[in-house]
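Asker:
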């Protein structure tokens, strides 16, 4: 099983069709320029939608569950499921929250989003506060 406790079959069971797995496999292989079986930061940057994104390293860090600096196919599938519209709203919220939780402590602790979202005034933003602000600001 993967780090989130799901087996490969359970992850694939979350995908609507086998054709979706094939599409993701083709996309992964196209991005894997050196055929290493893992995507590096440089290979991720070949995605046009990420080239100008200042948070691309955070996205990669979230996909990279084992922390080796590269994303293998199972990490890619798991990340895409969270990131895509096919994921549940809560999965997408968790993914967005983790992008802003720079030190991975479960709280957002600085920046403009922090000033808006820290509704209880404790100096940090919990996931619940993040969910509230995302609903009112249309984050997802």
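In the working numbering, the protein residues as written are 296 to 435. All C-beta atoms in this analysis are idealised placements derived from N, C-alpha and C, irrespective of residue type, glycine included.
Please state whether DSSP places residue 376 in a helix, a strand or coil.
Answerer: Three-state result, residue 376: helix.
Asker: Taking contact to mean 3 or more Cβ pairs, one atom from each stretch, closer than 8 Å, check whether the stretch 385–402 and the stretch 332–341 are in contact.
Answerer: Short answer: they don't touch.
Asker: Quick test of your reading: residue 392 and residue 425, contact by CB under 8 Å. State the CB separation rounded to the nearest angstrom.
Answerer: That belief holds up - the Cβ atoms of residue 392 and residue 425 are roughly 5 Å apart, short of 8 Å.
Asker: Would you call the stretch 358–377 in contact with the stretch 398–406, where contact means no fewer than 3 C-beta pairs closer than 8 Å?
Answerer: These segments do not touch.
Asker: Nearest-angstrom Cα distance between residue 315 and residue 363?
Answerer: So the alpha carbons of these two residues sit roughly 26 Å apart.
Asker: Can you tell me the Cα-Cα spacing of residue 296 and residue 302, whole angstroms?
Answerer: Bear in mind that the predicted position of residue 296 carries a pLDDT of just 46, short of 50, making it unreliable; the figure below should be weighed with that in mind. Spanning the two alpha carbons is a distance of roughly 4 Å.
Asker: Is the beta carbon of residue 357 closer than 8 Å to that of residue 394?
Answerer: Yes, the pair counts as a contact, with Cβ atoms nearer than the cut-off.
Asker: Could you spell out where the alpha helix (DSSP H) holding residue 387 opens and where it closes?
Answerer: It spans 384–395 - the alpha helix (DSSP H) in which residue 387 sits, taken as one unbroken run.
Asker: As a quick exercise: from 333, 351, 347, pick the residue whose alpha carbon is nearest that of residue 368.
Answerer: Comparing Cα-Cα distances from residue 368 to each of 333, 351, 347, the minimum goes to 333.
Asker: Give me the DSSP bridge partner(s) of residue 428.
Answerer: Residue 428 pairs with nothing; no bridge assigned.
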